[in-house]
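Enquirer: In this note's numbering, the protein residues as written are 5 to 571.
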């Protein structure tokens, strides 16, 4: 038995000897493996990626335990956008060392690039668990959250990363971008300005500082930083767009167009660039050139809803309603949620007097649009055109419900109540409009008409005089004042006003009616032959009028004759 244990003991000693030899050999191998890893990364920094891959693959073969060459090779494959190779080699790194947090962090970045966000989040959580104080991991987690549109969460992790390592320039930049995109402009400024102190040449920094100044409408500062950004990078179409739009904000349209031309000359051939150029030309009413640029944009993205919509706007400006309708329909087909295209298609139907189609289209837009007041206003106009006055009133009131300062809705609502002979409600609506804008000539005119209808004659004359002081040839104000003076038994003053009108206006139905009323009063007061003859003259003319002024429609007709149109 003793001999047996002695043999076992010798074998154990022999095993220990083999183990020590193996460890010695392994350690010797790790040294050149590390050397090849460093060599490979040095070549990668020189952008000699093929040679770098060769050295790192050699390092991987030298050691089947060290994860570092695998991680480095994975990073290079990611730079080359060979994400499948990167993923596989990083999984090998994790197999070699399941406790290496950096392997999980880099793998998470690969998953982000492949839009596999759930796996990316799982990997980054493992990395944080293994290295809760690693700033780089929190940076990657912040970038992941940004990709997932979890911007506030991104800001939280990026701030944590900056706290752990206040020297990483990329953290300042990404944090600034996230703060900018969440409209925290002052905080974004702080990060960008700190980065500017550390490295004023950081890529895209000047562009984002310019964007911040744009939010503050500091257009001169935008000009400075956008020009800096352009001097650093002539190939970024977004910088040309920003600079050109800024010139437009400074009312320097020629300079804006020169920037677009400069971009084209530098080889910019980008969808957003041509679309922006086209929209700028559209706003300058240079329609032919606008169409040309938007068609160029559509060559890049044939079925882009925004470009098709803007092309429709060009045709609408040209009064080519059929072509505008075609483009708006194509825009909607490309994106059923384009509320602008749907609303403007409704306007096309409205202008083509297809009111029922317009109503249906506006209701479709309401479901997805934030500007519901604008749409309800047009629906109300459609119902008015269809003669459905009460329905029209409902939607004018709905317009005001969504936007209490909608002047036109209050004006039109007041006129609808006049059509229904509901003078008190008409007064209430026009009074509200007057509170919003006391200088609006249209509001004052309708207010004067309502006062006339309600028998508030002194107020009606006061408002008519306000209008005549602004414009002594205001026909509508003269007619209201003349009719009010007749009601006040001042026929001669009324006739003096009527006779001051143009010949065509004096022969209008309303003027004939008012002249007849005036001479009727004058004959009762002073039955001279002249007054009698004039009364007979206007009596004969009254027989040929298209309106029976002896009915209850007289007052409503006055409003219509004043040419105050709704819609």
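C-beta atoms are modelled at their ideal positions from N, C-alpha and C, and glycine is treated no differently.
Here the structure is a predicted model, which is why all the values come from computation and not from measurement.
Buried or exposed for residue 495, please, with buried defined as at least 16 other CB atoms from any protein chain shown within 10 angstroms of its CB.
Expert: For the purposes of this step, residue 495 is taken as the residue at position 491 of the chain shown. Under this definition residue 495 is a buried residue.
Enquirer: What are the start and end residues of each continuous alpha helix (DSSP H) run of 4 or more residues lying completely inside the region 132-160, in chain order?
Expert: Taking only runs of at least 4 residues, the alpha helix (DSSP H) segments lying wholly in the region 132-160 are 139-151.
Enquirer: Assuming residue 127 and residue 112 form a contact by the criterion Cβ under 8 Å, report the distance between their Cβ atoms to the nearest whole angstrom.
Expert: Here residue 127 refers to the residue found at position 123 when the chain shown is read from its first residue. Here residue 112 refers to the residue found at position 108 when the chain shown is read from its first residue. At roughly 4 Å, the Cβ-Cβ gap stays under 8 Å, so residue 127 and residue 112 are in contact.
Enquirer: Answer with buried or exposed for residue 156, where buried requires no fewer than 16 other C-beta atoms within 10 angstroms of its C-beta.
Expert: Residue mapping note: residue 156 aligns to position 152 of the chain shown, counting from 1. With fewer than 16 other Cβ atoms within 10 Å, it is exposed.
Enquirer: Using the C-alpha atoms, what's the distance from residue 316 back to residue 387?
Expert: Residue 387 sits at position 383 when you count from the first residue of the chain shown. Residue 316 sits at position 312 when you count from the first residue of the chain shown. Taking the straight line from one Cα to the other gives about 26 Å.
Enquirer: Answer with buried or exposed for residue 337, where buried requires no fewer than 16 other C-beta atoms within 10 angstroms of its C-beta.
Expert: As a first step, residue 337 must be located in the chain shown, where it is residue number 333. Residue 337 is exposed by the Cβ-count criterion.
Enquirer: Between the alpha carbons of residue 424 and residue 306, how many angstroms are there, rounded?
Expert: Along the chain shown, one-based indexing puts residue 424 at 420. Along the chain shown, one-based indexing puts residue 306 at 302. Cα-Cα distance, rounded: 51 Å.
Enquirer: From the DSSP output, in three-state form, read off residue 534 for me.
Expert: For the purposes of this step, residue 534 is taken as residue 530 along the chain shown, with counting starting at 1. Helix, per DSSP.
Enquirer: Going by beta carbon distance, what residues of the same chain come within less than 7 Å of residue 161, once the five residues before and after it are set aside?
Expert: The sequence position of residue 161 within the chain shown is 157, counting from 1. Cβ neighbours of residue 161 beyond the five flanking positions: 142, 145, 146, 149.
Enquirer: Considering only residues of the same chain and omitting the five flanking positions on each side of residue 189, which have a CB-CB separation below 6 Å?
Expert: Counting from one through the chain shown, the residue named residue 189 turns up at place 185. Same-chain partners within the cutoff: 216, 219.
Enquirer: Can you list, in chain order, the residues of its chain with a C-beta nearer than 8 Å to that of residue 134? Leave out the 5 residues immediately preceding and following it.
Expert: Residue numbering aside, residue 134 sits at position 130 when the chain shown is read from its first letter. 103, 104, 105, 108, listed in sequence order.
Enquirer: Beta carbon of residue 206, beta carbon of residue 184: below 9 Å?
Expert: Residue 206 sits at position 202 when you count from the first residue of the chain shown. Residue 184 sits at position 180 when you count from the first residue of the chain shown. For residue 206 and residue 184, no; Cβs fall outside 9 Å.
Enquirer: Taking all protein chains shown into account, do 16 or more other C-beta atoms lie within 10 angstroms of the C-beta of residue 44, making it buried, or fewer, making it exposed?
Expert: As a first step, residue 44 must be located in the chain shown, where it is residue number 40. So residue 44 counts as buried.
Enquirer: The alpha helix (DSSP H) that contains residue 4, what's its start and end?
Expert: Because the chain spans 5 through 571 in this model, residue 4 falls outside it and cannot be assessed.
Enquirer: In the DSSP assignment, the alpha helix (DSSP H) including residue 478 goes from what residue to what residue?
Expert: For the purposes of this step, residue 478 is taken as residue 474 along the chain shown, with counting starting at 1. Here residue 478 belongs to no alpha helix (DSSP H), and DSSP marks it neither H nor E.
Enquirer: Give the DSSP-derived three-state secondary structure of residue 47 in the structure shown.
Expert: Here residue 47 corresponds to residue number 43 of the chain shown, with the count starting at 1. Three-state DSSP puts residue 47 in a helix.
Enquirer: Cα separation between residue 368 and residue 483?
Expert: Here the question's residue 368 lines up with position 364 in the chain shown. Here the question's residue 483 lines up with position 479 in the chain shown. Going from the Cα of residue 368 to the Cα of residue 483 covers about 42 Å.
Enquirer: Give a yes or no on whether the C-beta atoms belonging to residue 308 and residue 332 are separated by under 9 Å.
Expert: In the chain shown, the residue the question calls residue 308 occupies position 304. In the chain shown, the residue the question calls residue 332 occupies position 328. Not closer than 9 Å, so no.
Enquirer: Could you pull out every residue in the same chain whose Cβ sits closer than 8 Å to the Cβ of residue 313, ignoring the five residues on either side in sequence?
Expert: For this step, residue 313 is matched to residue 309 along the chain shown. Only 331, 332, 335, 342, 344, 345, 348 meet the Cβ criterion.
Enquirer: Contact between the region 430-440 and the region 464-478 is defined here as three or more beta-carbon pairs at a separation below 8 Å; is this criterion met?
Expert: Flag = no, the region 430-440 and the region 464-478 do not touch.
Enquirer: For residue 94, which residues from the same chain have a beta carbon less than 8 Å from its beta carbon, with the 5 sequence-adjacent residues on both sides left out?
Expert: As a position in the chain shown, residue 94 is number 90, starting the count at 1. These residues qualify, in order along the chain: 74, 75, 78, 107, 110, 111, 114.
Enquirer: What did DSSP end up calling residue 275 once you bin it into helix, strand or coil?
Expert: The sequence position of residue 275 within the chain shown is 271, counting from 1. Residue 275 falls in the helix class under three-state DSSP.
Enquirer: In this structure, how does DSSP classify residue 288 when only helix, strand and coil are distinguished?
Expert: As a working mapping, residue 288 is identified with position 284 in the chain shown. DSSP places residue 288 in coil when its eight states are reduced to three.
Enquirer: Measuring only the C-alpha atoms, how far is residue 61 from residue 99?
Expert: Here residue 61 corresponds to residue number 57 of the chain shown, with the count starting at 1. Here residue 99 corresponds to residue number 95 of the chain shown, with the count starting at 1. So the two alpha carbons sit approximately 16 Å from each other.
Enquirer: Here's a check: name, in chain order, each residue in its chain whose Cβ is nearer than 8 Å to the Cβ of residue 287, leaving out the five neighbours to either side.
Expert: Looking up residue 287 in the chain shown gives position 283. Closer than 8 Å at Cβ, skipping near neighbours: 252.
Enquirer: If you run the structure through DSSP and keep just helix, strand and coil, what is residue 459?
Expert: The residue labelled residue 459 in the question sits at position 455 within the chain shown. Residue 459: coil per DSSP, three-state reduction.
Enquirer: For a test of the three-state rule: what should DSSP assign to residue 264, helix, strand or coil?
Expert: Counting from one through the chain shown, the residue named residue 264 turns up at place 260. Here residue 264 sits in helix by DSSP.
Enquirer: Less than 9 Å between the beta carbons of residue 384 and residue 398, yes or no?
Expert: For the purposes of this step, residue 384 is taken as residue 380 along the chain shown, with counting starting at 1. For the purposes of this step, residue 398 is taken as residue 394 along the chain shown, with counting starting at 1. Yes, they are a contact pair.
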